[in-house]
Every structure is written in structure tokens, then in C-alpha cells.
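Structure first, then comments.
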Amino acid sequence: MLFPNAETRHYVKHLYANFKKAGFQTKELKDLAGGDRYQVECGLGNQHVVNLVENSCFCKNWDLTGIPCMHAVVDIHQKDEYPKNFVKTWYTKQTRLAIFSNFIRPVKGPKQWESVPDMLHILPPTLKAT
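Just so you know, we're using the numbering used here here: the sequence shown kicks off at 12 and counts up by one.
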């Protein structure tokens, strides 16, 4: 994070203002199978449907990365919520700490290993000519 002490909402408002200047328009689609679905128009003939319940957008960027795309950020701001609440959990600090919470013990080098007298020597597999 570049500015850890800065509040996110100011950046989102700035992004939203830029999207409005670029011609992004959004309308809520309540008639589509329920849920929070929005249609984002970004230019002539360029439309995307954003589903805030399933965390997906028709551009598929949000689906692939787990981070809300620009179309989703417009809708998230319109609902007065924070985009960081819609980021997948694998990007959170808690998940990273949980991943690395197990301590990996150091291993001695091969010269310090105990030798096993009755162990068979393991040979590499034989290669077949094609």
C-alpha cells in the first residue's frame, strides 16, 4: 500500500469523478434474477453488467483477479461502500499471516545426515527410445 495512513474513500470519489467525466453511466437492474446487479455504460455501445453479490462483471477482470474492475468500482461507490470490502480474501493481511504462520524448521546439510546401512540405492528410471 503506497499511503497506509490515507483514507480510501477519497481515492474512490476521485476515481468515480473520473469515470463520470469519461462518460460512465450506471443504472440498477432490479428485474434481473434478484440481487444487486448494475448495468454500466462506458461509451457508445459498451455496456457491462456488474453483480455485486457474486463479485463478477461481464468484462471478467474481477472474476479472474479477485479485485473489483473499474465497472464494479463505479457501482460500489454508488452504494457508498468501500472497494476493499469486495476484494477476495486471499489478498488480505490475515490470510497472508495465516499462510506463513507455521514455522519451517531448518534442515541439516547432506554431510550431517545419519547414514542408513541397509538402504538400497535408488536408481533413476530407464529411458525408452521413441
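Every residue, glycine too, gets a C-beta built ideally from N, C-alpha and C.
query, result
"Measure the beta-carbon distance from F97 to A83 and round it to whole angstroms, keeping in mind my assumption that it falls under 8 Å.", "7 Å"
"May I ask you to report which of helix, strand or coil DSSP gives Y49?", "strand"
"Mapping DSSP to helix, strand and coil, what is N62?", "strand"
"Please identify the residue among S126, I110, Y49 whose C-alpha is closest to the C-alpha of H88.", "Y49"
"Need the endpoints of the alpha helix (DSSP H) that W73 sits in, please.", "72 to 76"
"Hey, G77 and K99: beta-carbon distance below 8 Å or not?", "yes"
"Roughly how many angstroms separate the alpha carbons of H59 and T103, rounded to a whole number?", "27 Å"
"Can you give the Cα-Cα distance for S90 and L55, rounded to whole angstroms?", "Checking the displayed sequence, the identity of residue 90 turns out to be Lys instead of Ser. Computed Cα separation, rounded: 24 Å."
"Along the chain, where does the alpha helix (DSSP H) that runs through M130 open and close?", "Per DSSP, M130 belongs to no alpha helix (DSSP H) and is neither H nor E."
"Using beta-carbon positions only, say whether D74 and V51 come within less than 8 Å of one another.", "no"
"Compute the Euclidean distance between the alpha carbons of N119 and I133, then round it to the nearest angstrom.", "Checking the displayed sequence, the identity of residue 119 turns out to be Lys instead of Asn. In a straight line, the C-alpha of K119 is about 21 Å away from that of I133."
"For V64, count the other beta carbons within 10 Å of its own beta carbon; 16 or more makes it buried, fewer makes it exposed. Which is it?", "exposed"
"Please list the terminal residues of the continuous alpha helix (DSSP H) segment that includes I110.", "104 to 110"
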